[in-house]
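In what follows, a single structure is set out as structure tokens and then discussed.
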Amino acid sequence: MKFAFAASSGTLKKEVVEVEFKENDLVFFTIKDGRKIMELGIGKREDITRRKLIILARKIIETAKNYRIKKIAVDFNEFLFPKLQNIDWKDLASLLVQNFVLANYEFNRYKTEPKEGWKHVEEVTIISAPDAVIKKGVQKGIFIGEEINACRELANIPGGEMTPPILAQKAKEAAKGTKVSVKILGKKEMTAMKMGAVLGVAQGSVHEPQFIILEYKGGGKDAPVVLVGKGVTFDSGGLSLKPSDSMLEMHMDMSGGAAVIHAVTLAAKLELKKNIVGLVPAVENMPSGSSYRPGDILKSLSGKTIEVLNTDAEGRVILADALTYAEKFKPRLVVDVATLTGASLIALGEHASAIMTPDQNLETLFRRLGEESGDYVWPLPLWEEYEENIKGNMGDISNIPANGNTRYGGVINGGMFLYQFAKNYPWVHIDMAPRMTPAKGDCLARGATGAPMQLLIKLLEEY
Ligand code: BES
Ligand code: ZN
Ligand code: ZN
2 MKFAFAASSG TLKKEVVEVE FKENDLVFFT IKDGRKIMEL GIGKREDITR RKLIILARKI
62 IETAKNYRIK KIAVDFNEFL FPKLQNIDWK DLASLLVQNF VLANYEFNRY KTEPKEGWKH
122 VEEVTIISAP DAVIKKGVQK GIFIGEEINA CRELANIPGG EMTPPILAQK AKEAAKGTKV
182 SVKILGKKEM TAMKMGAVLG VAQGSVHEPQ FIILEYKGGG KDAPVVLVGK GVTFDSGGLS
242 LKPSDSMLEM HMDMSGGAAV IHAVTLAAKL ELKKNIVGLV PAVENMPSGS SYRPGDILKS
302 LSGKTIEVLN TDAEGRVILA DALTYAEKFK PRLVVDVATL TGASLIALGE HASAIMTPDQ
362 NLETLFRRLG EESGDYVWPL PLWEEYEENI KGNMGDISNI PANGNTRYGG VINGGMFLYQ
422 FAKNYPWVHI DMAPRMTPAK GDCLARGATG APMQLLIKLL EEY
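Take the position in the sequence shown, starting the count at 1, then add 1; the result is the number in the numbering used here.
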């Protein structure tokens, strides 16, 4: 999708010669010179909030795509809604453009191009006063949108073609040409380091686990922010095998990892003056003769033992080692991003990721960043009462409740488990399973959403 700029040519509406087409909230007018005006009914201008603006931006592109319109022009001034008076123009331009770019994406890699071509919009002209601030915002929006689409592409690739070694390769490719350095630990290195948790989960797969480390140094001697992403390239459940239907989308179980990889490379492209580390433990969770078993007790990098009572609760197990590894960097903040639990969908539906943190200020910060970015998040408690649920019978910590009802509070149990490995630094857990794929009305293509990259990049900019 290309972007161009043009000065306002007054109100085109005056030149309308006919109403070409009308359907529900959509009207096409034809103007004198044959061009068309597309009018989308969106309710009262006074009612447009930042949330609605995000959907509006995507809806414009979605509608153009549906009518196979290749070139569109939008007037920046029309987006200056009364409720959005305190957004600065750079921010507004970026928000609009990144959502145009997101709405234009489709996962076409495995499809034959139809005769009439793909539906994509090819060019968007931004009509505005010649304002450097708006141009900067547009440029930023393109960077963000395209990097998020690259993240979605990774997550969408089927499990057969997105194994841990391939994900590691993709991380290197994503970092090419940027100031991000990528280091990969293989099975040998992980064995030497005693990362028993990652190795345990990976045991059943023919594909070697990989521990992906991305480093961006834009902040001199400052302590880094460390992002940790779940990189399960396919989650069959392992010996605690998932039912077929639940397994269908599990090639996207590395969505957190993909978001972390591309958040770090995006931070580099935006030249943020921060130090940022990305850690992605990558494994495939498979049933086989060599799989880890229910009842197995793994010795994690931290030294604590993990009693595996369900091999399908594998995300928390691999993240345990990654969270311990994060300590090496003496981080000022660690954020993990994971499609951790189906229970988060039960709790929140499809519109928000769950967050958990022991730090009230971080919770408040993340709520705001969520609201502003469109990657909405909602908190759940990390109270000590819940610690009972993750005490092991035979090992230190169990990956599902050893003695209680395993159906209650599944999101919290997942977060509480991770917390045991994240006590030595400020930490936020994002269970992004609800946002792995879009909800109805998101105006995003089928497949991965790229969440919560918009939140992460705002965090990296601001924190
Ligand atoms: N990857 C899944 C969680 C998931 C489910 C993500 C649906 C996205 C959509 C995770 O590894 C898992 O299987 N969790 C189990 C945990 C349970 C065994 C305690 C779950 O949610 O059922
Ligand atoms: Zn699982
Ligand atoms: Zn999983």
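Glycine included, every Cβ here is placed at the ideal spot set by N, Cα and C.
Counting of Cβ neighbours within 10 angstroms places MET395 among the exposed residues, the total staying below 16. In this structure, the CA atom of SER374 is about 11 Å from the CA atom of ILE145.
SER399 is bridged by DSSP to GLU308.
Looking at the backbone, the Cα of THR358 and that of ASN109 are separated by about 38 Å. Each of ASP89, GLU117, GLU114, LYS71 was checked against the Cα of GLU123, and the nearest Cα belongs to LYS71. Taking C-alpha positions only, VAL229 is separated from SER9 by approximately 45 Å. The beta carbon of THR342 sits closer than 7 Å to the beta carbons of GLY411, VAL412, GLY415, ASP432, ALA434 from its chain, once the five residues preceding and following it are set aside; these are given in chain order.
Non-local C-beta neighbours of CYS444 in its own chain, meaning closer than 8 Å and more than five positions away in sequence, comprise ILE56, ARG59, LYS60, ILE62, GLU63, ALA104, ordered along the chain. Non-local beta-carbon contacts of SER256 in its own chain, meaning distances under 6 Å to residues more than five positions away in sequence, involve ALA156, THR340, MET437, ALA449 in chain order.
Residue state for TYR293 is assigned as coil, using DSSP reduced to three classes. For ASN286, the distance from the CB to the nearest heavy atom of ligand 3 is below 8 Å. For ALA198, the uninterrupted alpha helix (DSSP H) segment begins and ends at 197-203. In this structure, GLN211 sits near ALA169, with a CB-CB distance shorter than 9 Å.
The Cβ neighbour count for ASP223, taken over all protein chains shown within 10 Å, is under 16; the residue is labelled exposed. At least 9 Å separates the beta-carbon of ASP89 from that of LYS231. With distances taken between CA atoms, GLU272 lies nearest to GLY219 out of GLY219, LEU320, ILE158.
In the three-state reduction of the DSSP assignment, LYS300 falls in the strand class.
Per DSSP, reduced to three states, the secondary structure at MET454 is helical. Between the alpha carbons of PHE367 and VAL335 lies a gap of roughly 13 Å. Taking non-hydrogen atoms of ligand 3 into account, the C-beta of LYS222 is found less than 8 Å away from none of them. Look at VAL139 here: in three-state DSSP terms it is helix. Contact annotation: PRO380 and ILE347 have beta-carbon atoms that are not nearer than 9 Å. Counting other Cβ atoms within 10 Å of its Cβ, GLU386 stays below 16 and is therefore classed as exposed. When Cβ pairs closer than 8 Å are counted between the two stretches, the region 192-202 is seen to touch the region 289-305, the count reaching three or more.
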